[in-house]
Amino acid sequence: MQRQKLAALFNGFATLFDADMFLSGLSEEDTPLRRSANTCIIGIDPVSELIVQQETTREDIKSFCFGSGNESLGYLSYTYGLKERGIESDKKNELPLGHFRQYAILITVNLSTGLLECSALETADTRKLQRLKDLCTTPPHGPVLLPASATFSPPTPSMNRKEYINGVKTVLEHIRSGDTYQLCLSSSFSMTVPDNFSTSVINSTDGKKECDAVGLFMHLWQNYPAAYYAWFTTEDVKIISTSPECFLRVNDGIITSEPIKGTIAFNKFSEQLLTDLRESPKESAELSMIVDLIRNDISAHCEYSSVTVERHKDIFIVDDMLQMYSVVRGTLKKESTCLDLLFDAFPGGSITGCPKLRTMKIIEKLEPHSRDLFCGSFLHIENTTTMNSSIAIRTGWFTHDSNGIQKFRYFSGSGLVIDSVPELEFEETVAKAEKFRKVLST
C-alpha cells in the first residue's frame with residue numbers, strides 16, 4: 001500500500017510539475033535476496049542546467065556541480081566515456097553526452113516511511129510550493145499501472161539471434177588472441193509507439209486502461225523493484241532507468257561500488273540456484289575479473305591501503321533473475337573530489353569488460369548501434385565528497401526518429417569470458433530485456 005501511495009504522489013510530481021527523479025540506496029524493508037531503493041530525490045523547476053557536449057571539459061562539469069552549493073541531478077552517457085577514453089565513434093546518438101540540472105525545489109522521500117523533506121531556494125515560486133503542499137496532503141488517484149490498450153510494435157533488435165551469436169564468437173576469438181579477457185556485448189531494441197500512447201499527458205481519471213510514459217515508469221517501479229530507478233525528461237525525450245546496479249556511492253568520503261556479474265534467469269526459484277550461481281566457474285570468473293578492475297579504477301583516488309572487498313559473490317533477485325555482486329570500498333583522498341573519482345573510473349567496468357580501454361575499442365567495432373546513455377550513469381551529486389551514481393542498465397527512452405515516428409528504445413547485454421556459450425549468452429540478453437517487451441506488448 002505504501003508503494004501505491006508513493007506511486008500516486010510521484011505521478012503527480014512528474015505530470016503536474018515536470019519533476020526529475022532519482023531513486024537510490026537500499027530499503028530498510030529489503031530481505032537478503034530482494035533489494036529496492038530507500039530514497040527518492042525529486043527535482044522541480046530547474047534553475048540551471050549543463051548539457052554536456054564534445055567541447056565540455058571535466059572542469060566545466062565540476063564547476064557546475066560544485067560552484068553554487070546546490071545539489072545536482074543528471075546523467076553521463078556511455079558515449080561520454082568514449083570521448084574521455086579517446087575512442088572515436090561515427091554512430092548517431094539520440095541524447096547528449098550528459099545532462100545535469102539544479103533545481104529551485106528539491107524533495108527527498110524516505111520510501112520506507114513515506115516521510116518527505118522539502119528544500120527550496122529563496123527564488124522558488126511560492127504558489128508552486130503551495131500546490132506541492134496540497135498535492136502531498138491529498139495525493140491524486142494513482143497513475144494508470146496497466147500497459148496501453150494499443151500494442152507497441154514487436155521489438156526490432158540491432159543484432160538478431162544469429163548476429164548476436166556471431167558477435168559472441170568473434171569476442172571469443174579476441175579472448176583467445178589475448179586482446180581482452182572479458183567483454184560485455186549488448187544489443188539495442190526499438191519499438192514503434194502506438195498513436196494512443198502519450199508520452200506527456202496521463203489520462204487516469206476516465207477509467208480507461210491506458211498508459212503513458214509516466215504510467216509505464218510507475219508500473220515498472222511497482223512490479224519490478226530495483227535499487228536505482230531514474231526518471232529524467234526533456235521536451236523531446238523521456239528516459240526510464242530501472243537499474244539494479246550501484247556504480248559509485250560516496251558518503252562523506254567513504255566510497256562504495258557494487259559491481260554485478262553473474263546471472264541465472266529462472267521461472268521458479270529454488271535455493272539450489274544460489275549454489276549453482278556461486279559455484280559456477282564462469283560466473284565467478286566474470287565477477288572476480290570486474291571486482292579487480294573496480295579496485296584498480298578507484299584506487300587512484302583512495303587513501304593508501306583503504307580499498308577492500310566485502311560480501312564477495314553475494315546474490316540478490318531482480319526481474320526473475322539471480323544476480324551476483326560484490327562490495328568494493330575505499331576512502332576518498334582529501335585532495336580528490338567524488339567527480340575526480342567518477343571521471344577516472346568511467347564508464348563502469350561491469351559494462352565494458354577488461355582491460356577497459358582495449359575492450360571498449362573492440363565493443364565499438366562489434367556493436368552496430370550507439371549505446372548512447374545505456375551503460376552510462378545517473379547521478380545525484382550533493383557536494384565534493386557525497387554522490388550517488390548508478391550503472392544505467394535496464395534503461396530505455398522515448399524519442400522520435402528522423403521521420404518523426406515515435407520510438408521506445410531499450411538495451412540488453414551479457415558479459416563474455418572464455419567459456420561463454422554463444423547461444424546461452426543470447427538467451428541472457430533476452431531475459432534482461434524481457435520486462436520491457438512483456439509490459440509493452442501486453
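Residues in the sequence shown are numbered from 1 upward in steps of one, following UniProt numbering.
Backbone N, C-alpha and C define an ideal beta-carbon position, used for all residues, glycine too.
Predicted model, so just to flag it, every value in this text is computed and none were measured.
Beta-carbon proximity list for ARG85, same chain, < 7 Å, skipping 5 on both sides: By one-based count along the sequence shown, residue 85 stands at place 85. Excluding positions up to five away in sequence, the list reads LEU357 and MET360.
Segments assigned alpha helix (DSSP H), at least 4 residues, entirely inside the stretch 278-356: 281-299 and 338-345
Quick check: the stretch 287-304 against the stretch 320-331, are at least 3 beta-carbon pairs closer than 8 Å? yes
With 16 other CB atoms within 10 Å as the buried threshold, where does TYR410 fall? For the purposes of this step, residue 410 is taken as the residue at position 410 of the sequence shown. Buried: at least 16 other Cβ atoms inside 10 Å.
THR15 versus ILE391 - alpha carbon distance: Residue 15 sits at position 15 when you count from the first residue of the sequence shown. Residue 391 sits at position 391 when you count from the first residue of the sequence shown. Their Cα atoms are separated by approximately 26 Å.
For the structure I just gave you, are there three or more beta carbon pairs, one from the stretch 32-51 and one from the stretch 59-75, closer than 8 Å? yes
Those runs of the beta strand (DSSP E) which lie wholly inside the stretch 118-196 and span at least 3 residues: 182-192
How long is the line joining the alpha carbons of LEU9 and SER24, rounded to whole angstroms? The count along the sequence shown starts at 1 and reaches residue 9 at position 9. The count along the sequence shown starts at 1 and reaches residue 24 at position 24. Taking the straight line joining both Cα atoms gives about 17 Å.
For a test of the three-state rule: what should DSSP assign to TYR228, helix, strand or coil? For this step, residue 228 is matched to residue 228 along the sequence shown. Looking at TYR228 - three-state DSSP - the assignment turns out to be strand.
Residues in its own chain within less than 8 Å of LEU332 by CB, not counting five upstream and five downstream? Here residue 332 is taken as the residue at index 332 of the sequence shown, counted from 1. These residues qualify, in order along the chain: VAL250, GLY253, ILE254, ILE255, HIS301, CYS302, GLU303, CYS338, LEU341 and THR385.
If you compare alpha carbons, which of ALA433, LEU416 and THR233 is closest to LEU95? Working through the sequence shown from its first residue, we reach residue 95 at position 95. Of ALA433, LEU416 and THR233, the residue nearest in Cα terms is THR233.
Please report the distance separating the alpha-carbon of SER420 from that of THR138. For the purposes of this step, residue 420 is identified with residue 420 of the sequence shown, where counting begins at 1. For the purposes of this step, residue 138 is identified with residue 138 of the sequence shown, where counting begins at 1. For SER420 and THR138, the distance between alpha carbons rounds to 53 Å.
Among the candidates GLY81, LEU132 and SER68, whose CA atom is the shortest distance from the CA of ASN11? On the sequence shown, residue 11 is found 11 positions in, with the first residue counted as 1. It is LEU132.
Buried or exposed for ASN70, going by 16 or more other Cβ atoms inside 10 Å? Taking the sequence shown and counting its residues from 1, the one referred to as residue 70 is at position 70. Result: buried.
Per-residue burial, ASP60 [other beta carbons within 10 Å of its own, 16 or more giving buried]: The residue you call residue 60 lines up with position 60 of the sequence shown. Exposed: under 16 other Cβ atoms inside 10 Å.
State the start and end residues of the unbroken alpha helix (DSSP H) segment that holds SER441. For the purposes of this step, residue 441 is identified with residue 441 of the sequence shown, where counting begins at 1. Counting along the chain, the alpha helix (DSSP H) containing SER441 begins and ends at 422-441.
Just mark LEU145 as buried or exposed, buried being the case when its beta carbon has 16 or more other beta carbons within 10 Å. Here residue 145 refers to the residue found at position 145 of the sequence shown. Its pLDDT being 48, under 50, LEU145 is placed unreliably in this model, and the value from its coordinates should be taken loosely. Buried, by the Cβ-count rule.
Return the CA-CA distance between ASP344 and ASN388, expressed in angstroms with no decimal places. Numbered from its first residue, the sequence shown carries residue 344 at position 344. Numbered from its first residue, the sequence shown carries residue 388 at position 388. Going by the C-alpha atoms only, they are around 16 Å apart.
Residues in its own chain within less than 6 Å of HIS400 by CB, not counting five upstream and five downstream? The count along the sequence shown starts at 1 and reaches residue 400 at position 400. Contacts found: GLN406.
Tell me the residue span of the beta strand (DSSP E) that contains PHE398. Taking the first residue of the sequence shown as position 1, residue 398 is located at position 398. From DSSP, the beta strand (DSSP E) with PHE398 extends over 395-400.
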